[in-house]
Structure formats: structure tokens, C-alpha cells
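Colleague:
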Amino acid sequence: MERMQQIVGRARAAFKSGRSRPLEFRIQQLKALERMVQEKEKEILAALKADLHKCGHNAYSHEILGVLGELALAMEKLPSWAAPQPVKKNLLTLRDEAYISYEPLGVVLVIGAWNYPFVLVMQPLIGAIAAGNAVVVKPSEVSENTAQLMAELLPQYLDKELYPVVTGGVPETTELLTQRFDHILYTGNTAVGRIVMAAAAKHLTPVTLELGGKSPCYIDKDCDLAVACRRITWGKYMNCGQTCIAPDYILCDPSIQSKVVENIKATLKEFYGEDVKSSPDYERIINKRHFERVKSLLQGQKIAHGGETDEASCFIAPTILTDVSPESKVMEEEIFGPVLPIVTVKSVEEAIEFINLREKPLALYVFSNNKQLIKRVISETSSGGVTGNDVIMHFFLSTLPFGGVGQSGMGAYHGQHSFQTFSHRRSCLIKDLKMESTNKMRYPPGSQKKV
Amino acid sequence: NPYAGLVSHLRASWLSGKTRPMEYRVAQLEALGRFLDDKKQEILEATELDMGKPSFEAFFSEILLCKNELNVTLNNLCHWMKDEHVDKNLVMQLDSAFIRKDPYGVVLIIAPWNYPIHLFLVPLIGAIAAGNCAIIKPSEISKNTERLIAQTLSCYLDTDCFAVVTGGVPETTRLLENKFDYIFFTGSPPVGRIVMMAAAKHLTPVTLELGGKNPCYVSDTCDVTNVARRVAWGRFFNAGQTCIAPDYLLCTIEMQEKLMPALREAITEFFGPNPRESPDFGRIVSDKQFQRVQRLLGSGRVAIGGQTDEAERYIAPTVLADVLPSDPAMQEEIFGPILPIVVIANMDEAIDFINARPRPLALYAFSCDSKIVNQVLERTSSGGFCGNDTLMHVTLTSLPFGGIGNSGLGKYHGKFTFDSFSHHRACLHRNMGLETLNTPRYPPYTQQKLGLLTTTFEVKRRGTCTLL
Numbered sequence: 012m013e014r015m016q017q018i019v020g021r022a023r024a025a026f027k028s029g030r031s032r033p034l035e036f037r038i039q040q041l042k043a044l045e046r047m048v049q050e051k052e053k054e055i056l057a058a059l060k061a062d063l064h065k066c067g068h069n070a071y072s073h074e075i076l077g078v079l080g081e082l083a084l085a086m087e088k089l090p091s092w093a094a095p096q097p098v099k100k101n102l103l104t105l106r107d108e109a110y111i112s113y114e115p116l117g118v119v120l121v122i123g124a125w126n127y128p129f130v131l132v133m134q135p136l137i138g139a140i141a142a143g144n145a146v147v148v149k150p151s152e153v154s155e156n157t158a159q160l161m162a163e164l165l166p167q168y169l170d171k172e173l174y175p176v177v178t179g180g181v182p183e184t185t186e187l188l189t190q191r192f193d194h195i196l197y198t199g200n201t202a203v204g205r206i207v208m209a210a211a212a213k214h215l216t217p218v219t220l221e222l223g224g225k226s227p228c229y230i231d232k233d234c235d236l237a238v239a240c241r242r243i244t245w246g247k248y249m250n251c252g253q254t255c256i257a258p259d260y261i262l263c264d265p266s267i268q269s270k271v272v273e274n275i276k277a278t279l280k281e282f283y284g285e286d287v288k289s290s291p292d293y294e295r296i297i298n299k300r301h302f303e304r305v306k307s308l309l310q311g312q313k314i315a316h317g318g319e320t321d322e323a324s325c326f327i328a329p330t331i332l333t334d335v336s337p338e339s340k341v342m343e344e345e346i347f348g349p350v351l352p353i354v355t356v357k358s359v360e361e362a363i364e365f366i367n368l369r370e371k372p373l374a375l376y377v378f379s380n381n382k383q384l385i386k387r388v389i390s391e392t393s394s395g396g397v398t399g400n401d402v403i404m405h406f407f408l409s410t411l412p413f414g415g416v417g418q419s420g421m422g423a424y425h426g427q428h429s430f431q432t433f434s435h436r437r438s439c440l441i442k443d444l445k446m447e448s449t450n451k452m453r454y455p456p457g458s459q460k461k462v
Numbered sequence: 005n006p007y008a009g010l011v012s013h014l015r016a017s018w019l020s021g022k023t024r025p026m027e028y029r030v031a032q033l034e035a036l037g038r039f040l041d042d043k044k045q046e047i048l049e050a051t052e053l054d055m056g057k058p059s060f061e062a063f064f065s066e067i068l069l070c071k072n073e074l075n076v077t078l079n080n081l082c083h084w085m086k087d088e089h090v091d092k093n094l095v096m097q098l099d100s101a102f103i104r105k106d107p108y109g110v111v112l113i114i115a116p117w118n119y120p121i122h123l124f125l126v127p128l129i130g131a132i133a134a135g136n137c138a139i140i141k142p143s144e145i146s147k148n149t150e151r152l153i154a155q156t157l158s159c160y161l162d163t164d165c166f167a168v169v170t171g172g173v174p175e176t177t178r179l180l181e182n183k184f185d186y187i188f189f190t191g192s193p194p195v196g197r198i199v200m201m202a203a204a205k206h207l208t209p210v211t212l213e214l215g216g217k218n219p220c221y222v223s224d225t226c227d228v229t230n231v232a233r234r235v236a237w238g239r240f241f242n243a244g245q246t247c248i249a250p251d252y253l254l255c256t257i258e259m260q261e262k263l264m265p266a267l268r269e270a271i272t273e274f275f276g277p278n279p280r281e282s283p284d285f286g287r288i289v290s291d292k293q294f295q296r297v298q299r300l301l302g303s304g305r306v307a308i309g310g311q312t313d314e315a316e317r318y319i320a321p322t323v324l325a326d327v328l329p330s331d332p333a334m335q336e337e338i339f340g341p342i343l344p345i346v347v348i349a350n351m352d353e354a355i356d357f358i359n360a361r362p363r364p365l366a367l368y369a370f371s372c373d374s375k376i377v378n379q380v381l382e383r384t385s386s387g388g389f390c391g392n393d394t395l396m397h398v399t400l401t402s403l404p405f406g407g408i409g410n411s412g413l414g415k416y417h418g419k420f421t422f423d424s425f426s427h428h429r430a431c432l433h434r435n436m437g438l439e440t441l442n443t444p445r446y447p448p449y450t451q452q453k454l455g456l457l458t459t460t461f462e463v464k465r466r467g468t469c470t471l472l
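What follows is the structure in C-alpha cells.
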């Protein structure tokens with residue numbers, strides 16, 4: 012208890028000193044982060060390899076590239092993001108100054124996840140620093156090598172008091188959550204999301220919860236199946252399926268089910284070769300517990316492709332299940348593994364109904380040559396985000412807010428959305444002490460004329 | 005759960021999609037406008053019965069300001085509902101990238117008693133504009149207004165999509181057990197915590213408009229007469245029962261001395277020699293609140309006012325001088341017609357005093373020297389800020405209204421209400437063709453592919469050049 016109180020207390024005192032507020036300071040810290048990513052690239056890639064069996068190229072393009080992009084964007088745009096925003100005035104306030112001032116919230120807590128352990132800590136951290144806050148960073152202990160590395164590296168490059176790293180598991184995080192923060196950004200699962208929000212409620216702390224769910228992927232009969240399946244294969248099996256916005260399951264007409272399977276199989280061969288296990292580009296399940304969990308989802312299912320597992324290396328082959336029953340276990344929880352169930356539906360109406368009967372997902376995907384159909388699916392469903400005719404990609408456009416809705420989360424970030432999430436928008440009206448006559452009509456005694 | 009049926013009825017209406025078309029939303033909003041017009045007299049009467057609200061004030065806050073919000077919304081709804089297209093990166097030049105404003109579904113609006121029409125209606129305007137269904141829970145403490153709302157709102161709004169629930173704490177507790185897609189609460193911080201805890205169970209996003217003690221700093225260089233008028237107006241409006249009222253004054257002992265006659269004059273000008281007889285001064289809403297506020301009179305010394313009448317729940321417009329930080333009036337949000345003055349030595353001390361306390365909903369600073377006003381603004385934190393006046397920042401619909409820390413989270417008014425009740429959904433509609441452009445992202449990974457990816461995805465600092 013003492014330790015967490017001290018760490019957070021020091022961060023709060025450092026914030027109160029005011030030194031994180033000047034733009035020059037924030038940019039300097041962001042530059043230091045940029046140096047860290049560039050100078051320690053090897054170490055970062057090695058940690059990701061150790062945690063997720065992620066190859067260098069994958070790790071670089073999924074975790075480092077995005078971080079460098081966010082850093083460059085934040086450093087360039089910060090002056091314009093942080094500038095006071097004048098607002099439209101009315102008759103009564105014409106002579107006054109009216110604007111929105113962007114101010115730091117105070118001490119922010121960022122809780123990372125294990126599946127993209129570097130980027131899911133760094134992106135929120137960048138936004139929180141840019142907004143002028145102190146930030147307590149709590150990387151996931153499940154991706155222990157990356158957590159350890161961040162605990163070593165961040166203090167080497169950043170202000171130690173303003174941006175402490177806290178390591179540990181559930182007990183440490185629980186303790187940390189008893190402290191008061193001014194915003195908490197949590198990435199992880201829905202169950203823990205509830206716990207984080209309940210803890211935040213005690214202090215009236217606003218939260219951004221990046222959770223998950225089952226992201227549906229509807230494939231229309233009228234679509235270029237080869238292209239669609241290649242894109243889906245990429246998004247589903249990257250990081251061994253352990254991606255919060257991976258297409259979780261497919262919905263398609265029974266008449267194209269076998270073609271879909273054939274196309275995905277062909278793409279898998281193209282991506283990973285004949286022997287997936289020996290491809291350097293295919294990852295592993297993070298740990299034994301998740302390995303067992305994903306493996307158990309295969310029970311009783313029709314395996315059209317894959318299904319091989321190897322406990323010793325937490326390997327699960329890219330797997331496709333066909334004619335999956337909506338009531339089966341694999342359709343109950345977020346899969347978070349390289350298992351792709353196909354559920355057949357007879358029409359887009361049935362697909363929409365299927366999706367709407369379930370919790371709002373973090374992402375929704377629809378493939379079709381018919382623009383109107385895509386528009387319809389978007390309009391008649393809800394989800395955190397959508398990509399039409401591709402998967403994952405809405406994550407990579409920083410002008411789009413990234414976040415969930417309903418059980419898949421609340422709040423959003425990326426790019427300027429991060430800056431706004433971690434800022435307080437303070438409304439400011441500055442009047443003149445003179446010009447009192449215009450005020451007379453609002454003062455008592457009230458009369459019909461004044462009204 | 006006694007409300008499960010109602011919630012599921014509204015949810016079925018929501019799923020039917022009827023609240024989504026713009027025409028439907030406009031029709032409901034126009035009906036709200038008719039409610040305000042038709043029931044104006046009843047609203048003035050109900051709020052007078054509830055807390056002696058002067059009809060001038062009631063017209064201003066419960067009718068005029070609400071109609072403003074309604075008109076701003078109706079004038080701009082089409083524009084607000086449109087997909088917001090965003091700047092694209094190199095890779096997505098041929099795609100369509102936009103933010104879609106999706107309704108949340110079934111929302112809950114819990115309103116307090118002090119501005120009982122305004123504080124349910126303005127959030128409701130945004131909820132309807134954003135395409136949601138809503139349950140409205142007015143405060144049982146302003147019981148005449150509660151009855152009016154419960155009996156008449158259903159004559160104006162579609163009862164399949166909008167319902168009013170009445171009752172007290174037990175009813176609200178049971179209501180909160182249900183799953184809502186958004187909860188908008190206005191009230192006190194302790195109840196705000198309870199609402200957020202209940203929301204956490206269902207991962208329901210919330211806006212909490214809470215309160216606190218709004219400091220009002222008056223510097224030595226100022227026009228005393230104007231300051232006194234503006235502060236007195238803000239403090240005594242609705243007999244002090246305003247979440248953004250200046251709660252206490254901070255000034256030097258010299259300024260306290262100068263302000264006192266000016267405040268006395270302003271009060272007399274507003275309410276006459278005996279405010280009890282003025283139709284323009286309100287009453288405390290309940291016996292419980294009356295007793296609570298009355299107890300705060302034992303702070304500092306009564307310089308102006310101090311008279312009370314329990315039968316009428318009347319507390320005179322009161323100014324307390326030389327109040328200490330340890331006095332009762334400085335321990336809680338006053339929410340009554342009492343203005344304590346806490347003496348400080350200078351502006352720095354005032355700022356330290358403010359910063360040592362929870363961040364307030366509003367903060368006020370008065371000075372002829374704009375540098376001083378700006379200093380106070382820059383060195384403090386609050387929901388909103390108004391320099392050289394009180395309350396007025398919330399009448400500008402282009403400014404977001406909300407708290408920070410203990411005074412709340414989230415914001416509304418104007419477009420901000422619409423945005424609060426909308427899920428901003430990221431949409432990327434890509435081209436099915438040009439598949440070759442995707443090759444760099446697919447395995448098997450090569451150095452060449454990585455180079456290509458880096459060039460196309462990277463955001464470069466301005467001043468460097470890209471070959472593409």
C-alpha cells in the first residue's frame with residue numbers, strides 16, 4: 012500500500028510543481044521517447060520476440076512503426092492541439108472573450124495489455140504526456156519481458172517522477188487502483204474493465220476502457236473472395252489471433268462457405284508455407300493458460316483446416332471451423348486465438364440480426380462489391396469501429412477515434428483523440444468589468460419589460 | 005425489478021429503429037418546444053410552489069434557456085448528424101474514412117430539484133437529437149414539478165420511446181440496477197459515485213454534473229459597484245440553489261470593507277429593503293435543506309441579512325464577513341443565499357487557497373486588470389471559468405458545460421450534448437481493388453517489404469521530404 016501511495020504521491024507532487032505543463036517540456040519528453048524507440052529498437056524487438064514469438068518485421072511494423080508515427084504527429088501538432096479554441100459568441104457576449112482552454116487532467120494511469128505490449132502502453136503514454144499530465148504506467152505482467160524492459164528504459168529517458176513505471180500482477184494493480192487518478196485508460200478484457208470502472212467510481216475518475224468482444228466479419232456473396240479472404244487471413248492470424256480487433260468469426264452464405272475455406276487455406280500457404288510451425292513469421296499463444304483455453308474451443312467442432320497444437324511451444328495452427336453452431340462455446344467468448352469459426356446465414360438481414368442479438372463488438376467487418384450493402388450493414392448495427400472490405404485498418408488512421416461501445420468499451424484515443432481524452436476542456440468567458448448597463452436587464456426587480 | 009418491463013419496452017422500440025430518422029427526432033424536439041410553450045404557466049407555478057422560484061427567474065432558466073438549446077439543436081441537427089470525414093494518410097487516399105454518430109440506445113437522465121425543468125430537458129434535447137430512447141427521472145424533492153412532468157410530458161413525446169419514472173431513493177436505486185446505454189446524472193458528488201458504481205456493473209458510460217464550492221476571487225483593483233451587483237446576482241439567484249453560484253468570496257480585508265456597502269446596496273436594489281416581500285427572491289426547497297443552510301449562518305459574523313423564517317423556508321440574502329476556513333460555511337457546498345467572505349492577503353494566497361481544495365465546477369475572478377484575471381485562470385483548475393461576472397459562461401451554448409474531478413465528468417450544452425449522447429464510430433470503407441498495394445503487409449516478411457511499409461505508413465516531421 013505504502014509503495015503505491017508513494018509512487019502516485021510523487022507523481023502528483025511533480026505534476027503540482029507545474030513542470031509538465033509548458034509545451035517545450037512536453038515536446039522534450041516526447042523527443043526523448045522517440046530517441047528511446049530508435050536507440051533501443053533491438054531490445055524492444057527482442058522482448059516482443061521473447062513474449063510472443065513475434066518476428067522482427069512483424070514487431071516493427073505492428074508496434075514500433077505506429078509508435079514512431081504517433082510521436083511525430085504529437086510533436087508536430089501539439090502547439091495547434093493545445094491552443095485555446097475560440098467559440099461562437101451570442102449577442103450578450105459579443106464584446107467578451109469566449110474560448111475553450113485545453114488543460115492537463117493531472118495524474119493519469121495507463122494500464123497496458125499483453126498482446127501488443129509495447130504499442131498499447133506507448134500510444135496512451137504519448138497522448139497523456141502531450142496533454143501535460145503525469146502518467147503512471149502499468150504494463151501487463153503477462154508479457155513479462157516487455158514489462159521488464161519498459162520498467163528499465165522509461166526512467167532512463169523520461170522524467171522519473173512524472174512518469175513512473177509500476178510492475179506487478181493482480182495484487183499490485185488492485186492496490187494501484189485504490190489510489191486517486193484523474194483519468195484511467197485501461198486496455199484488456201470486459202470483466203476487468205468493470206473492476207477498473209468500479210474502482211474509478213470511488214474517486215469519480217473518468218475512464219477510457221479499451222475492451223473486446225467478438226468482432227463479426229460478414230462476407231457477401233457478391234465480392235472478390237480471393238481478395239477478401241487474403242485480407243481476412245492477414246487480420247485473423249496476425250499475432251496468432253491475439254488481436255482485439257481481429258475478425259473473430261465469419262458470417263456468410265452456406266453456398267460460399269467452402270470457397271471461403273479454400274481461399275483462406277491458399278492464403279495461409281502463401282503466408283506461412285507448407286509447415287506453419289517452422290515459419291518465422293507465425294507467432295505463439297502467450298502462455299499455457301490461454302493455450303488450453305483456445306484449444307478447448309475446438310472440441311466438438313468441424314475442423315476444415317488446421318487444428319494441430321503443440322503444448323510445449325504453445326503452438327496452435329491456423330484453424331478454420333465450418334458450420335459452427337451459434338450456441339457452441341467458440342461462439343460464446345472472444346476467441347483471441349488462431350481459430351476462425353464460420354457461421355452460415357442466408358441473407359444480410361440474417362447477418363445483421365445475428366450481430367444485433369449480441370453485445371456491441373469492438374470492430375465490425377463487411378466485405379462486398381455492393382457499396383449500398385456495406386452502408387446498410389454499418390447503419391443497422393453498432394460497433395466500436397468498422398472497416399469495410401478489409402480488416403484492422405481503421406486502427407491505423409490516427410484521425411479516426413479508436414475505441415469501443417457497450418461491452419467493448421468507452422472512450423477513444425489515437426492521434427488528436429488521445430490529446431483530447433487526456434485533457435480537460437475548460438470553458439472560459441472573460442468579460443469586461445465595465446459595460447454594466449447591458450447587465451441591468453437581467454437583475455431584479457424583474458418586470459415584464461425586462462423579460 | 006419493477007422497471008425491467010419498462011426498460012425492455014423502450015429497448016424494443018430502440019431496436020425497431022424508429023428513433024433514428026432525422027424527421028422523427030425533429031418531430032420529438034418540436035413537441036418539446038410545444039411543451040415549453042403550452043405549459044409555461046404551469047411550469048412557473050410549479051417551480052414557485054416548489055422553491056418560491058420568482059417567475060422572472062423561472063422564465064429565464066426553465067423556459068428561455070431551454071428554448072435556446074432547442075433552437076440551436078433544431079438549426080444544426082442535420083449538420084451534426086452527418087458523417088464527419090477525416091484526413092487520410094497515404095495508404096488510404098482512395099478510401100472513405102469518416103466518423104459516424106451512432107445513438108447509444110436507451111439512456112437514463114436523472115435530474116435534480118433546483119432547476120427541475122432545465123436540468124432534465126436540456127440533456128433530453130441532446131439524447132433525442134442523437135437518436136436515443138430515454139427514461140427521465142425527475143427529482144422527487146421538487147414534487148410539484150415532478151408531478152407536472154410525469155402527467156404532461158407523455159402528451160407530447162412518443163411514449164414508446166420516452167418515459168418518466170417518479171420516486172425517491174429506493175426507486176432510483178432499483179432503476180439503476182437495469183442496464184442502460186448511457187446515464188446522465190446531475191446532482192451531488194456522493195450520489196454521483198453511487199451512480200457511477202451502478203453504471204460500472206454494466207459498463208455504461210456516464211456524464212456526471214456534480215458540484216462543489218465555487219470560489220470567487222475579487223482583486224483590489226476593481227469597480228466595486230459592478231462586482232457587487234454581478235456577484236450578488238449570481239449568489240442570490242434561486243435563493244442560492246445553483247450549482248454554479250459563487251459559493252464564497254476571497255479578497256483582502258480592505259476589499260471586504262469596500263464591498264460590504266456595495267453588496268448591501270445591490271441587495272436592496274434587487275430585492276428592496278425587505279427581501280422577504282420581494283417577488284423576485286426565492287425560498288429554500290425543503291425543511292431539510294432549510295435546516296442545513298441555516299446551520300451555516302454560525303460562521304464568521306453576519307454583516308448583511310441573517311434573518312430566517314422556518315415556516316416560509318425563508319433565509320434572507322446574507323453576507324458573512326471574516327469567515328474562517330474552519331467555519332461550517334466552508335465545509336460544504338452552501339447551496340443557499342449566504343455569501344461568506346474569506347479574507348486573504350493577496351492573489352497568491354487566494355490561488356493557493358483554491359488549489360488546496362477539490363476542483364470546483366465554476367471559478368470566478370474579478371479585476372480591472374486582465375493580467376490578474378488570466379493569472380487566476382492559468383494557475384487554477386475548474387470545470388469552467390468566468391472572468392468579471394458570474395454564471396454567464398453557461399448561457400453560451402458553444403461553450404462545454406461540465407466539471408472536473410469531484411465536480412464531475414463529461415460535458416454538455418449545444419453540440420456537446422449531442423456528442424455526449426452519441427457513440428463516435430470510426431469507419432473506414434476501403435477499395436476491394438488495388439490489392440497489390442497491400443502486399444508489403446503480408447507474410448512472408450522481407451526487409452524490402454518492411455522498407456515499403458515504413459515509407460507509406462510513416463508520419464514524417466514537417467521539413468523532411470518523402471519520395472512518394
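Note that the protein sequences, when read in sequence, are chains W and V.
Our numbering numbers the first residue of the first sequence as 12 and each following residue consecutively.
Our numbering numbers the first residue of the second sequence as 5 and each following residue consecutively.
Just so you know, even glycine gets a beta-carbon here, dropped at the ideal spot from N, CA and C.
As the structure is a computational prediction, the values presented were derived from the model and not from experiment.
Pull the bridge partners of V:V346 from the DSSP assignment, please.
Modeller: Position 342 of the second sequence, counted from the start, is the residue given in the question as residue 346 of chain V. V:L254.
Colleague: Quick one: measure Cβ to Cβ for W:V354 and W:Y260, integer angstroms, because I've assumed they're closer than 8 Å.
Modeller: Numbered from its first residue, the first sequence carries residue 354 of chain W at position 343. Numbered from its first residue, the first sequence carries residue 260 of chain W at position 249. Contact flag correct, Cβ pair sits at about 6 Å.
Colleague: Hey, does V:L471 have any beta-carbon neighbour from chain W nearer than 8 Å?
Modeller: To locate residue 471 of chain V, count along the second sequence from 1; it is residue 467. Since pLDDT at V:L471 reaches only 40, below the 50 mark, its modelled position is unreliable, and the value read off the structure follows with that caveat. Cβ-Cβ to chain W under 8 Å: no for V:L471.
Colleague: Strictly below 7 Å CB to CB, what residues from chain W border V:N410?
Modeller: Taking the second sequence and counting its residues from 1, the one referred to as residue 410 of chain V is at position 406. By Cβ distance, chain W contributes L215.
Colleague: Taking the runs of the beta strand (DSSP E) that are 3 residues or longer, which of them lie wholly in the stretch 204-279 of chain V?
Modeller: 210-213, 219-222 and 252-255
Colleague: Quick one: using the 10 Å Cβ neighbour count with 16 as the cut-off for buried, is W:S307 buried or exposed?
Modeller: The residue you call residue 307 of chain W lines up with position 296 of the first sequence. Label assigned to W:S307: exposed.
Colleague: For V:L381, which residues in chain W fall below 7 Å Cβ to Cβ?
Modeller: Your numbering for residue 381 of chain V matches position 377 in the second sequence. Residues of chain W passing the Cβ test: C439.
Colleague: Would you mind stating whether W:G317 and W:P329 have Cβ atoms separated by less than 8 Å?
Modeller: Taking the first residue of the first sequence as 1, we reach residue 317 of chain W at position 306. Taking the first residue of the first sequence as 1, we reach residue 329 of chain W at position 318. In this structure, the beta-carbon distance from W:G317 to W:P329 falls below 8 Å.
Colleague: Near V:P250, what residues of its chain come up, given a Cβ to Cβ distance below 6 Å and the 5 sequence neighbours on each side ignored?
Modeller: As a position in the second sequence, residue 250 of chain V is number 246, starting the count at 1. Cβ within range, chain order: N218, C220, V235, G238, R239, Y368 and T394.
Colleague: With 16 as the cutoff for other CB atoms within 10 Å, does V:I257 come out buried or exposed?
Modeller: If you number the second sequence from 1, residue 257 of chain V lands on position 253. Exposed.
Colleague: What did DSSP end up calling V:T177 once you bin it into helix, strand or coil?
Modeller: As a working note, residue 177 of chain V is residue 173 in the second sequence. In the structure shown, V:T177 sits in a helix (DSSP, three-state: H, G or I).
Colleague: Which residue marks the beginning of the alpha helix (DSSP H) containing V:Y28, and which one marks its end?
Modeller: For the purposes of this step, residue 28 of chain V is identified with residue 24 of the second sequence, where counting begins at 1. Its alpha helix (DSSP H) spans residues M26 to D42.
Colleague: Measuring only the C-alpha atoms, how far is V:V398 from W:V130?
Modeller: Walking along the second sequence from the start, residue 398 of chain V turns up at place 394. Walking along the first sequence from the start, residue 130 of chain W turns up at place 119. Computed Cα separation, rounded: 39 Å.
Colleague: In chain W, what lies closer than 7 Å to V:H428 by C-beta?
Modeller: As a working note, residue 428 of chain V is residue 424 in the second sequence. Listed along chain W are P412 and A423, each with a C-beta nearer than 7 Å to that of V:H428.
Colleague: Which of helix, strand or coil does DSSP assign to W:Y283?
Modeller: One-based indexing of the first sequence puts residue 283 of chain W at position 272. W:Y283: helix per DSSP, three-state reduction.
Colleague: Is W:A124 helix, strand or coil by DSSP?
Modeller: Here residue 124 of chain W corresponds to residue number 113 of the first sequence, with the count starting at 1. Reduced to three states, the DSSP call for W:A124 is coil.
Colleague: For W:A474, count neighbouring C-beta atoms within 10 Å of its own C-beta (all shown protein chains included) and say buried if the count is 16 or more, exposed if not.
Modeller: Outside the displayed span of chain W (12 to 462) sits residue 474 of chain W, for which this structure offers no information.
Colleague: Quick one: list the residues of chain V neighbouring W:F36, beta-carbon separation under 8 Å, in chain order.
Modeller: Residue 36 of chain W sits at position 25 when you count from the first residue of the first sequence. Going along chain V, no residue has its Cβ under 8 Å from W:F36, so there is no contact; the nearest lies around 16 Å.
Colleague: Figure out for me which residue from W:G395, W:L44 and W:P97 has the closest Cα to the Cα of W:M86.
Modeller: Mapped onto the first sequence, residue 86 of chain W falls at position 75. That would be W:L44, whose Cα lies nearest to the Cα of W:M86.
Colleague: Can you pull the chain V residues whose beta carbon is under 8 Å from the beta carbon of W:N126, in chain order?
Modeller: Indexing the first sequence from 1 puts residue 126 of chain W at position 115. What W:N126 touches in chain V: nothing, since even the nearest Cβ is about 18 Å away.
Colleague: Where does V:E314 fall in DSSP's three states?
Modeller: In the second sequence, residue 314 of chain V corresponds to position 310, counting from 1. Coil at V:E314, not helix or strand.
Colleague: Within the continuous beta strand (DSSP E) that includes V:C165, where are the two ends?
Modeller: As a position in the second sequence, residue 165 of chain V is number 161, starting the count at 1. No beta strand (DSSP E) holds V:C165; DSSP gives it neither H nor E.
Colleague: Less than 8 Å between CB atoms is the rule here; does W:M452 satisfy it with respect to chain V?
Modeller: Looking up residue 452 of chain W in the first sequence gives position 441. So, not an interface residue.
Colleague: Cβ of V:F189 less than 8 Å from any chain W Cβ?
Modeller: What you label residue 189 of chain V is simply residue 185 of the second sequence in a count that begins at 1. Closer than 8 Å: no.
Colleague: Considering only the alpha carbon of each residue, which of W:L136, W:E447 and W:I441 lies closest to W:D107?
Modeller: As a first step, residue 107 of chain W must be located in the first sequence, where it is residue number 96. With distances taken between Cα atoms, W:D107 lies closest to W:I441.
Colleague: Mind listing the chain V neighbours of W:V19? Cutoff is C-beta to C-beta under 9 Å, in chain order.
Modeller: As a first step, residue 19 of chain W is located in the first sequence; it is residue number 8 there, counting from the start. None at all; the shortest Cβ gap to chain V is about 15 Å.
Colleague: Could you check the C-alpha separation between V:F189 and W:H194 for me, to the nearest Å?
Modeller: To locate residue 189 of chain V, count along the second sequence from 1; it is residue 185. To locate residue 194 of chain W, count along the first sequence from 1; it is residue 183. Each residue's alpha carbon lies about 19 Å from the other.
Colleague: In chain order, which continuous runs of the beta strand (DSSP E) of length 3 or greater are located wholly inside the stretch 168-213 of chain W?
Modeller: 194-198
Colleague: Roughly how many angstroms separate the alpha carbons of V:G37 and V:E49, rounded to a whole number?
Modeller: Position 33 of the second sequence holds residue 37 of chain V. Position 45 of the second sequence holds residue 49 of chain V. Roughly 18 Å between the two C-alpha positions.
Colleague: If the cut-off is 9 Å on Cβ atoms, which residues from the stretch 430-452 of chain V count as contacting chain W, listed in chain order?
Modeller: A430, C431, L432, H433, R434, N435, M436, G437, E439, N442, P444, R445, Y446, P447, P448, Y449, T450 and Q451
Colleague: Beta-carbon within less than 7 Å of W:V388's beta-carbon, same chain only, minus the 5 sequence neighbours each way: which residues are those?
Modeller: Within the first sequence, numbered from 1, the residue matching residue 388 of chain W stands at position 377. If we look at W:V388 and ignore the five residues flanking it on each side, its Cβ neighbours are Y229, V359, I363 and V377.
Colleague: So is V:K92 in contact with chain W if we call contact Cβ pairs under 8 Å?
Modeller: Position 88 of the second sequence, counted from the first residue, corresponds to residue 92 of chain V. Chain W contact via Cβ: present.
Colleague: Is V:I288 helix, strand or coil when you go by DSSP?
Modeller: Your numbering for residue 288 of chain V matches position 284 in the second sequence. Residue state, collapsed to three classes: coil.
Colleague: Using a Cβ-Cβ distance cut-off of 8 Å, determine whether V:L40 contacts chain W.
Modeller: As a first step, residue 40 of chain V is located in the second sequence; it is residue number 36 there, counting from the start. So no, V:L40 is outside the interface.
Colleague: Which full runs of the beta strand (DSSP E) of 3+ residues lie inside the stretch 274-327 of chain W, going along the chain?
Modeller: 313-316
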